[in-house]
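Here the structure is laid out as structure tokens; the discussion comes afterwards.
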Amino acid sequence: MHKKFDNKAIEKKWQEIWKESGIYDIGERDTSKEKEYVLVELPYPSGNLHIGHWHAFAVPDIYIRHGRMMGKQMIYPMGFDAFGLPAENAAIKNNVNPKEWTEGNIEYMKEQLGSMGTSFSWDKTTATTNPDYYKWTQWMFTQFFEKEIAYRGSGIVNWCPHDNTVIANEQVLTDGTCERCGNEIEKKEMPQWMLKITDYADRLIDDLETVNWPDNIKESQRRWIGRSEGAEITFKLSTGDDVTVFTTRPDTLFGATYMVLAPEHALIEHNKGALSNWDEVVAYIGNTKKKAEQDRLDDTKEKTGVRLEGITAVNPASGEEIPVFIADYVLAGYGTGAIMAVPAHDERDYAFATKFGIEKINVVAPLVISYSSSHKIGERPNVTEKLSERSAAISAGDVVTTELGTVTNSREFDGMSSEEAKTAITQKVGGKMTNTYRLRDWSVGRQRYWGVPIPIVYDPEGKAHPVPKEHLPWLLPEDVDFRPTGVPPLAKSEELKKRTEEIFGIGWTPEVETLDTFVDSSWYFLRYIDNQNEDMFASPEAQKDWMPIDLYFGGAEHTTMHLLYSRFWQKALFDMGLVTESEPYTKRINRGLILGPDGNKMSKSKGNVIDPDDHVQRVGADSVKMYLAFMGPYAETANYPWDMGGIAGIRRFLERVNGLSEHITDSEPEEVTKQLHKTILKLSKDIPEFKFNTAISALMIFVNLVEKQNITQESYEIFLKLLAPFAPHLAEELNEATGKSVSIHLDSFPEADLNLATDNEVTIGVQINGKMRGSITLAVDTDEDGAMKAVAADSVLSEKSKGEIRKIIYVPGKILNIILV
RNA sequence: GCCGGGAUGGUGGAAUUGGUAGACACGCAGCACUUAAACUGCUGUGAGGCAACUCGUGCGGGUUCAAGUCCCGCUCCCGGCACCA
90 MHKKFDNKAI EKKWQEIWKE SGIYDIGERD TSKEKEYVLV ELPYPSGNLH IGHWHAFAVP
150 DIYIRHGRMM GKQMIYPMGF DAFGLPAENA AIKNNVNPKE WTEGNIEYMK EQLGSMGTSF
210 SWDKTTATTN PDYYKWTQWM FTQFFEKEIA YRGSGIVNWC PHDNTVIANE QVLTDGTCER
270 CGNEIEKKEM PQWMLKITDY ADRLIDDLET VNWPDNIKES QRRWIGRSEG AEITFKLSTG
330 DDVTVFTTRP DTLFGATYMV LAPEHALIEH NKGALSNWDE VVAYIGNTKK KAEQDRLDDT
390 KEKTGVRLEG ITAVNPASGE EIPVFIADYV LAGYGTGAIM AVPAHDERDY AFATKFGIEK
450 INVVAPLVIS YSSSHKIGER PNVTEKLSER SAAISAGDVV TTELGTVTNS REFDGMSSEE
510 AKTAITQKVG GKMTNTYRLR DWSVGRQRYW GVPIPIVYDP EGKAHPVPKE HLPWLLPEDV
570 DFRPTGVPPL AKSEELKKRT EEIFGIGWTP EVETLDTFVD SSWYFLRYID NQNEDMFASP
630 EAQKDWMPID LYFGGAEHTT MHLLYSRFWQ KALFDMGLVT ESEPYTKRIN RGLILGPDGN
690 KMSKSKGNVI DPDDHVQRVG ADSVKMYLAF MGPYAETANY PWDMGGIAGI RRFLERVNGL
750 SEHITDSEPE EVTKQLHKTI LKLSKDIPEF KFNTAISALM IFVNLVEKQN ITQESYEIFL
810 KLLAPFAPHL AEELNEATGK SVSIHLDSFP EADLNLATDN EVTIGVQING KMRGSITLAV
870 DTDEDGAMKA VAADSVLSEK SKGEIRKIIY VPGKILNIIL V
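For what it's worth, our numbering labels the leading residue of the first sequence as 90, then goes sequentially.
Spelled out as structure tokens, the structure:
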């Protein structure tokens with residue numbers, strides 16, 4: 090009887106040995122080895138390690154351990170993103186200090202993380218709440234302030250009434266709720282600390298070409314930034330004011346039969362005197378505000394608006410006088426907040442013009458597409474007819490055409506292509522080609538306590554000054570009642586006030602807002618690589634050694650938040666010469682989500698939460714890790730329901746692995762040797778592609794075979810190395826049992842012998858008239874005659890293939906297809 | 001509505017990128033062990049049929065000796081954006 094698989098004893102033993110020997114610590118860069126910097130999103134130390142953490146950290150450890158055994162210097166750091174609302178809320182609830190609560194949790198969570206047996210580079214850790222960390226967050230902020238990337242802006246912000254703070258656009262979900270607490274967001278006008286991410290809009294889009302990320306993430310970022318290429322054109326009002334509009338279709342300018350201002354547009358109030366229907370206008374503006382707050386999900390897109398009576402504008406191309414409206418389908422926050430309306434070539438303008446009886450002038454004829462006369466049957470046969478039907482409808486003014494084409498009804502521009510006309514017409518009316526973006530600047534000030542104090546002080550005149558480097562870290566005061574009231578808690582700190590006056594002088598006051606935690610996490614990967622440095626956030630040498638990040642594993646929810654913010658942050662630092670790379674992450678992999686056993690997202694209210702600690706106790710860390718890796722391909726953002734039976738199956742597999750040494754003999758069948766080398770080959774291919782599921786399946790196939798046969802000591806030891814990345818504790822224990830004194834995780838990964846990994850014989854399918862009728866087993870180099878002889882020798886197949894043969898298709902190693910007349 | 005990604009047994013998922021569909025697991029059924037249950041082991045398991053065989057990768061067409069894989073036309077599901085000019 091083999092030794093019992095006592096997962097608790099094995100895990101405890103090896104976790105202690107690994108920790109004491111520090112075998113996963115990184116130390117200095119070893120330039121004799123290739124480096125690979127693998128990053129996982131640093132967790133918030135909630136004090137409760139959930140299954141998502143295991144999926145995020147323990148599964149990539151397979152990749153890390155394999156890379157290390159392949160001779161690379163793998164850096165896999167872990168840290169804590171520890172500022173933020175949960176700590177504050179928990180502190181309020183339990184009446185403790187957020188600092189103590191957080192520090193306690195970090196210690197506890199480090200232990201929990203240790204229970205994974207994951208090979209983190211613990212000597213490179215950091216926490217965003219450490220003063221020696223946030224000193225640099227603050228220093229970078231002051232550098233941004235000097236360069237006017239950080240500025241005090243004003244305008245409409247997203248206010249979360251539950252959390253009592255402003256949040257950024259990215260942190261408002263599509264349904265208008267708060268990303269943190271799920272409550273409805275309100276719009277509020279107030280001054281705000283902003284970061285000028287919009288200055289980087291083009292580079293944030295264009296540089297996506299240079300990184301190896303999944304297309305869907307790139308596309309989401311592009312859409313979030315929302316670049317539109319077009320022109321700004323100025324219209325003159327009858328009151329003498331100029332109104333500039335943004336349009337992507339300056340080629341349709343001759344068709345602009347009215348213009349629309351957003352209800353919030355500043356010129357409305359300015360032209361109050363010229364308006365004969367001011368009361369109606371004011372009422373409409375009021376309604377717009379109410380509507381916006383009321384129901385943003387209302388998708389009845391019925392157009393509404395009010396004409397500005399007494400005011401007209403002049404179309405700068407045609408010279409025609411056109412009416413001016415205000416309407417809520419024009420958004421104040423996008424473009425210039427005013428549009429030229431071309432009902433014949435824009436669906437929204439068409440709907441509005443139809444309702445208000447405004448003229449539609451067709452100025453673009455769709456392109457005449459010529460198809461070659463020899464086009465294949467079945468390929469859009471009616472194109473020409475459809476086109477002519479359509480152009481009849483267009484000239485009758487019944488249809489909106491939004492596509493490009495040939496310009497008509499536009500005087501000297503007639504006959505030009507839309508593309509040519511765009512620049513030509515813009516030039517003629519003195520407009521300029523320009524881009525507009527959906528992206529807004531990043532609002533980073535928070536009216537809460539538990540965050541990085543914004544390192545700004547105000548002089549007696551109210552002018553903002555950065556806190557100089559010698560006074561950093563600009564510590565978070567502790568003499569504060571941090572309960573949220575809407576007034577920033579730091580405003581109540583006597584100590585902060587006193588500190589400011591002592592350093593800067595009487596009458597100077599501190600900024601009392603703190604930074605968004607997404608600021609803290611925008612650069613943490615730079616601190617990992619030089620976490621002891623007191624003079625710099627990370628030295629250029631350390632950056633040269635380790636950056637860029639070769640691989641970044643994370644969750645899909647960060648696509649337009651953290652991933653966008655940190656790319657911007659890196660670029661801003663890059664422009665100041667502070668970092669060596671302009672893109673931080675070379676490759677990105679988004680993982681899926683683990684659902685509860687009922688197929689729903691895990692939540693306390695549904696009672697379907699899986700506690701990883703329970704399963705670690707019962708079946709062991711190796712089983713939990715392998716089960717999570719076995720569920721499906723890791724690089725896919727699919728959702729995987731937790732299956733109680735599935736994890737039991739993995740545990741069963743490891744039990745059998747534990748007993749495999751009983752099958753060790755002096756010799757083994759060739760089949761076993763061959764299968765071992767096939768397994769090496771399979772793992773060497775699958776692990777770098779994150780196909781841990783099929784890699785584990787290959788290990789199972791091998792174990793199933795060995796249990797029916799036997800295995801030599803040599804092959805057994807090779808197998809243990811294959812197992813090591815997946816089940817590090819068990820592999821280490823079994824390795825020790827073979828008499829080894831050095832950790833198996835410092836060994837090299839086995840190399841496959843290609844001759845042994847290939848079969849001499851192969852079984853191929855035999856088709857007769859394209860239908861599968863049986864199979865034959867042949868030597869790999871058998872030719873067609875040989876294959877046909879094998880068919881003749883097979884009693885069933887020879888009977889079925891009787892008759893006159895018209896054709897034989899033989900693909901060696903794959904298929905034999907016999908076509909009878 | 002637009003953009004991106006999907007759809008394969010009762011379940012999670014495999015399939016050398018056009019070549020024996022359903023690997024590996026879970027579940028289920030039967031048998032063995034057991035006083036019994038659990039555990040474990042063995043056998044079976046896409047559907048229909050005693051069988052030969054027929055059907056089968058969301059639906060409808062097509063290309064091919066051969067289609068889960070390629071082409072055309074749909075349906076549904078997931079994610080993102082959404083009056084963005």
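Backbone N, C-alpha and C define an ideal beta-carbon position, used for all residues, glycine too.
Looking at the unbroken alpha helix (DSSP H) that takes in residue 498, where does it start and where does it end? For this step, residue 498 is matched to residue 409 along the first sequence. Careful: residue 498 lies outside any alpha helix (DSSP H) and carries neither H nor E.
Continuous alpha helix (DSSP H) assignments of at least 4 residues falling wholly in the stretch 302-384: Listed in chain order, the complete alpha helix (DSSP H) runs (minimum 4 residues) inside the stretch 302-384 are 304-314, 355-359, 367-383.
What residue from 437, 489, 427, 426 has the CA that sits closest to residue 452's CA? By one-based count along the first sequence, residue 452 stands at place 363. Nearest C-alpha to residue 452: 489.
Beta-carbon contacts of residue 471 that lie in its chain and below 6 angstroms, excluding the five residues immediately before and after: What you label residue 471 is simply residue 382 of the first sequence in a count that begins at 1. For residue 471, the predicted structure reports a pLDDT of 38, less than 50, and the residue's modelled location is therefore unreliable. The matter cannot be settled from this model.
Roughly how many whole angstroms lie between the Cα atoms of residue 712 and residue 846? Position 623 of the first sequence, counted from the first residue, corresponds to residue 712. Position 757 of the first sequence, counted from the first residue, corresponds to residue 846. Across the structure, residue 712 and residue 846 are spaced so that their CA atoms are roughly 28 angstroms apart.
Sub-8 angstroms separation of residue 535 and residue 609 beta-carbons: Numbered from 1 along the first sequence, position 446 holds the residue referred to as residue 535. Numbered from 1 along the first sequence, position 520 holds the residue referred to as residue 609. Cβ atoms of residue 535 and residue 609: not closer than 8 angstroms.
Taking a contact to mean a Cβ-Cβ separation below 8 angstroms, would you say residue 133 touches residue 173 in this structure? Residue 133 sits at position 44 when you count from the first residue of the first sequence. Residue 173 sits at position 84 when you count from the first residue of the first sequence. The answer is yes: Cβ separation under 8 angstroms.
Decide if residue 438 is buried, meaning its Cβ has at least 16 other Cβ atoms within 10 Å, or exposed. Position 349 of the first sequence, counting from 1, holds the residue named residue 438. By the Cβ-count criterion, residue 438 is buried, with 16 or more other Cβ atoms from all chains shown falling within 10 Å of its own Cβ.
Just to confirm the assignment, what range does the beta strand (DSSP E) spanning residue 642 have? As a first step, residue 642 is located in the first sequence; it is residue number 553 there, counting from the start. Residue 642: member of the beta strand (DSSP E) spanning 640-644, first to last residue.
Can you grab the Cα-Cα spacing for the pair residue 466 / residue 860, in whole Å? If you number the first sequence from 1, residue 466 lands on position 377. If you number the first sequence from 1, residue 860 lands on position 771. A caution first: residue 466 carries a pLDDT of 31, below 50, which makes its placement in the model unreliable, though a value can still be read off. Their Cα atoms are separated by approximately 29 angstroms.
Over what stretch of residues does the beta strand (DSSP E) that includes residue 33 continue unbroken? Outside the shown range of the chain (90 to 910) lies residue 33, about which nothing can therefore be said.
On the premise that residue 908 lies in contact with residue 858, defined as a C-beta separation below 8 angstroms, what is that separation, rounded to the nearest angstrom? Indexing the first sequence from 1 puts residue 858 at position 769. Indexing the first sequence from 1 puts residue 908 at position 819. 6 angstroms between Cβ atoms; contact.
Quick check on residue 420: does DSSP put it in helix, strand or coil? Within the first sequence, residue 420 is the residue found at index 331, counting from 1. Residue state, collapsed to three classes: coil.
For residue 194, the nearest candidate out of 825, 138, 211, 165 (CA to CA): Position 105 of the first sequence, counting from 1, holds the residue named residue 194. Ranking the options by Cα distance to residue 194, first place goes to 138.
Using only the alpha-carbon positions, how far apart do residue 185 and residue 175 sit? Against the first sequence, residue 185 aligns to sequence position 96. Against the first sequence, residue 175 aligns to sequence position 86. Spanning the alpha carbons of residue 185 and residue 175 requires a straight line of approximately 13 angstroms.
Does DSSP put residue 471 in a helix, in a strand, or in coil? On the first sequence, residue 471 is found 382 positions in, with the first residue counted as 1. With a pLDDT of 38 at residue 471, under the threshold of 50, the predicted position of this residue should be treated as unreliable, and no value is reported.
Residues of its chain near residue 95, where Cβ-Cβ distance is below 8 angstroms and the 5 sequence neighbours each way are ignored: On the first sequence, position 6 is the one that residue 95 refers to. Once the five neighbours on either side are set aside, residue 95 has no close Cβ partner at all.
Might you give, ordered along the chain, the residues of its own chain that have their beta carbon closer than 6 angstroms to the beta carbon of residue 440, omitting 5 neighbours on each side? The residue given as residue 440 occupies position 351 in the first sequence. If you ignore the 5 residues before and after residue 440, its C-beta comes within less than 6 angstroms of the C-beta of 392, all in its own chain and listed in chain order.
Cα-Cα separation, residue 31 to residue 348: Residue 31 falls outside the range modelled here, since the chain spans only 90 to 910, and no answer is possible.
Of the choices 362, 816, 244, whose alpha-carbon is the least far from that of residue 421? Translated into positions along the first sequence, residue 421 becomes position 332. The residue with the shortest Cα to Cα distance from residue 421 is 244.
For residue 146, which residues of its own chain have a beta-carbon under 6 angstroms away from its beta-carbon, when the five flanking residues on both sides are left out? For the purposes of this step, residue 146 is taken as the residue at position 57 of the first sequence. Only 129, 207 meet the Cβ criterion.
Express the C-alpha separation of residue 575 and residue 274 in angstroms, rounding to a whole number. As a first step, residue 274 is located in the first sequence; it is residue number 185 there, counting from the start. As a first step, residue 575 is located in the first sequence; it is residue number 486 there, counting from the start. When rounded, the separation of the alpha-carbon atoms in residue 274 and residue 575 is 14 angstroms.
DSSP state of residue 412 mapped onto helix, strand, coil: Working through the first sequence from its first residue, we reach residue 412 at position 323. In the three-state reduction of the DSSP assignment, residue 412 falls in the strand class, which pools E and B.
Nearest candidate by alpha-carbon position, reference residue 346, set 279, 414, 848, 753: As a working mapping, residue 346 is identified with position 257 in the first sequence. 414 is the residue among 279, 414, 848, 753 whose C-alpha sits nearest the C-alpha of residue 346.
Return yes when the Cβ of residue 210 is within less than 8 angstroms of the Cβ of residue 164, no when it is not. Taking the first sequence and counting its residues from 1, one reaches residue 164 at position 75. Taking the first sequence and counting its residues from 1, one reaches residue 210 at position 121. Yes. Within cutoff.
Thinking C-alpha only, which one of 399, 404, 872 is nearest residue 369? Here residue 369 refers to the residue found at position 280 of the first sequence. If we check each option's Cα against that of residue 369, 399 comes out closest.
Using DSSP with H/G/I as helix, E/B as strand and the rest coil, what is residue 864? Locating residue 864 in the first sequence gives position 775, where the first residue counts as 1. In the displayed model, residue 864 falls within a strand according to three-state DSSP.
Beta-bridge partners of residue 674, as assigned by DSSP: Looking up residue 674 in the first sequence gives position 585. According to DSSP, residue 674 bridges with 638.
Measure the beta-carbon distance from residue 684 to residue 693 and round it to whole angstroms, keeping in mind my assumption that it falls under 8 angstroms. Counted from its first residue, the first sequence places residue 684 at position 595. Counted from its first residue, the first sequence places residue 693 at position 604. In this structure residue 684 is not in contact with residue 693, their Cβ atoms being roughly 15 angstroms apart against a cut-off of 8 angstroms.
Beta carbon of residue 315 nearer than 8 angstroms to that of residue 527: Along the first sequence, one-based indexing puts residue 315 at 226. Along the first sequence, one-based indexing puts residue 527 at 438. Yes, they are a contact pair.
Can you tell me the Cα-Cα spacing of residue 93 and residue 611, whole angstroms? As a first step, residue 93 is located in the first sequence; it is residue number 4 there, counting from the start. As a first step, residue 611 is located in the first sequence; it is residue number 522 there, counting from the start. Taking the straight line joining both Cα atoms gives about 47 angstroms.
Residue 518 beta carbon less than 8 angstroms from that of residue 405: Looking up residue 405 in the first sequence gives position 316. Looking up residue 518 in the first sequence gives position 429. Result yes, Cβ atoms of residue 405 and residue 518 sit closer than 8 angstroms.
Residues near residue 862 in its chain [Cβ-Cβ closer than 7 angstroms; skip 5 each side]: Walking along the first sequence from the start, residue 862 turns up at place 773. Excluding sequence neighbours, residue 862 sits near 855, 856, 886, 889.
Euclidean distance between Cα positions of residue 300 and residue 660: Position 211 of the first sequence, counting from 1, holds the residue named residue 300. Position 571 of the first sequence, counting from 1, holds the residue named residue 660. So the alpha carbons of these two residues sit roughly 14 angstroms apart.
Where the beta strand (DSSP E) containing residue 683 begins and where it ends: Position 594 of the first sequence holds residue 683. Counting along the chain, the unbroken beta strand (DSSP E) around residue 683 starts and ends at 682-684.
Taking residue 677 and residue 641 to be in contact with their CB atoms under 8 angstroms, please state how far apart those CB atoms are, rounded to whole angstroms. For this step, residue 677 is matched to residue 588 along the first sequence. For this step, residue 641 is matched to residue 552 along the first sequence. Indeed they touch by this definition, with Cβ atoms about 5 angstroms apart.
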